[in-house]
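In terms of the numbering used here, the sequence shown has 296 at position 118, counting the first letter as 1, and numbering is strictly consecutive. Note that the Cβ used here is the ideal one computed from N, Cα and C, for glycine as well. Values in this document were obtained by computation on a predicted structure and should not be read as measured data. Worksheet: one structure, shown below.
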Amino acid sequence: MAKNRVEIDETLAAEVMFASDHTCCICRREKRVQIHHIDENPSNNDFDNLAVTCLLCHSDAHSKGGFVRRYSAEEIRLYNRSWREIAESRLVLMKDMPVKESKKLETLELAREALLSIQLSCIVFRGSLVATGKVHAVDDEDGWTRIIRQLPVYTRSNYEDWQPVFVDSIETVLRDIEQIETLYGDVLPLSTRLLIVRSKRQLLGEVSGYQLIPKMLDGGHLDSDSAAKFFGFRVRGCMETMKSLEADLATTSNELTKSLVDDSGPDESHKA
Ligand SMILES: [Zn+2]
Ligand SMILES: [Zn+2]
């Protein structure tokens with residue numbers, strides 16, 4: 179595909195800047211900004227392919243490999259969507275909100291930051307799978323499905339190869355989630371907290387199930403066919419859990435503004 183730069187017209191550029199409150203969608207501080215093409219194709223001026231980034235974050239979006247921090251397209255898409263939602267709710271909520279209720283806006287933003295952190299943790303986990311060399315790079319939202327399709331069969335060496343994923347990487351995700359629960363627990367809707375608690379339990383179950391496989395084989399409690407099946411179930415179960423956690427959090431993020439606006443009390447007569 180030819181990658182000729184197509185100038186972003188002024189109206190579109192203004193819309194993109196407005197949607198991001200003229201602020202970098204990654205660091206969310208810097209107001210000296212540029213427009214970045216998320217898929218790195220400068221002819222794709224689709225609204226959702228354009229992200230407002232500052233100079234520093236922009237260079238991190240383009241640096242490749244090594245030990246520099248690099249934001250993947252998928253991460254930037256997530257940052258962009260989340261930031262546009264925040265900018266939008268600031269507008270929606272501020273319009274109708276008495277000053278004393280501005281607390282709701284802060285709550286909403288905090289909840290969105292928490293959701294984004296968990297979603298990013300899931301993506302980093304997916305990156306750790308790719309690092310094992312056992313699955314190919316997947317850099318879009320359907321990544322989980324494609325990883326599930328690439329899952330290995332059980333052999334002792336596959337088991338060993340996947341061990342770091344199950345032991346270290348999942349534990350990192352669990353630690354991230356716990357930290358987020360501690361920091362943001364109060365501002366997350368009950369349904370989200372339930373989702374998190376259940377996903378955590380599911381992941382812990384997959385991890386301990388996984389670690390039992392060699393013991394059960396050695397102890398003669400499992401024949402090799404069942405071990406292979408068991409291995410597949412655990413790996414798959416883990417991916418499915420992460421996949422639905424990520425998807426459900428994205429849905430929650432969309433519904434947050436609505437729930438907070440609806441929440442503003444029965445005496446509010448001017449509901450949309
Ligand atoms: Zn930035
Ligand atoms: Zn760029």
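Item, Value
"Tyr257 to Leu373 span [Cα, whole Å]", "21 Å"
"Closest Cα partner of Met417 within the set Ala428, Arg255, Val351", "Val351"
"Rounded distance between the beta-carbons of Leu233 and Arg210, thought under 8 Å", "7 Å"
"Leu298: CB within 7 Å of a non-hydrogen atom of ligand 1", "no"
"Cβ pair Ser221, Val270 closer than 8 Å", "no"
"Proximity of Asp199 and Ala265 at Cβ, strictly below 8 Å", "yes"
"Cβ neighbours of Ser241 in the same chain (closer than 6 Å, five flanking residues each side left out)", "Arg248"
"Segments assigned alpha helix (DSSP H), at least 4 residues, entirely inside the segment 363-435", "368-396"
"Outcome for Glu188 when other beta-carbon atoms lying within 10 angstroms are tallied against a minimum of 16", "exposed"
"Closer than 7 Å: Ile204 CB and nearest ligand 1 heavy atom", "yes"
"C-beta atoms of Ser254 and Ile296 nearer than 8 Å", "It should be pointed out that residue 254 corresponds to Ile in this sequence rather than to Ser. In this structure, Ile296 does not lie closer than 8 Å to Ile254 by Cβ."
"Cα-Cα separation, Phe225 to Ala425", "22 Å"
"Beta strand (DSSP E) segment containing Val230, residue limits", "228-232"
"Beta-carbon proximity list for Arg262, same chain, < 8 Å, skipping 5 on both sides", "Ala197, Ser198, Cys203"
"contact_flag[the segment 428-435, the segment 377-390] where n(CB pairs < 8 Å) is 3 or more", "no"
"Residue interval of the beta strand (DSSP E) (run including Val302)", "Taken as a continuous stretch (DSSP letters only), Val302 belongs to no beta strand (DSSP E), being part of the alpha helix (DSSP H) at 280-309."
"Among Ala192, Val413, Leu294, nearest to Lys458 - alpha-carbon criterion", "Here the chain covers residues 179 to 450 and nothing more, so residue 458 does not appear."
"Beta-carbon spacing of Val230, Leu288 below 8 Å", "no"
"Closest Cα partner of Val194 within the set Ile213, Arg206, Asn182", "Ile213"
"Where Val331 sits in the DSSP three-state scheme", "coil"
"Selection from Leu293, Thr285, Pro392, Gln357 that minimises the alpha carbon distance to Ser335", "Pro392"
"By C-beta, the residues closer than 6 Å to any heavy atom of ligand 2, given in chain order", "His214, His215, His236, Ala239, His240"
"Under the three-state DSSP convention, the category Arg313 falls into", "According to the sequence provided, residue 313 is Val. The question's Arg does not apply to it. DSSP places Val313 in coil when its eight states are reduced to three."
"Cross-strand partners of Val211 (DSSP beta bridge)", "Cys232"
"Exposed unless 16 or more other CB atoms sit within 10 angstroms - verdict on Gly363", "exposed"
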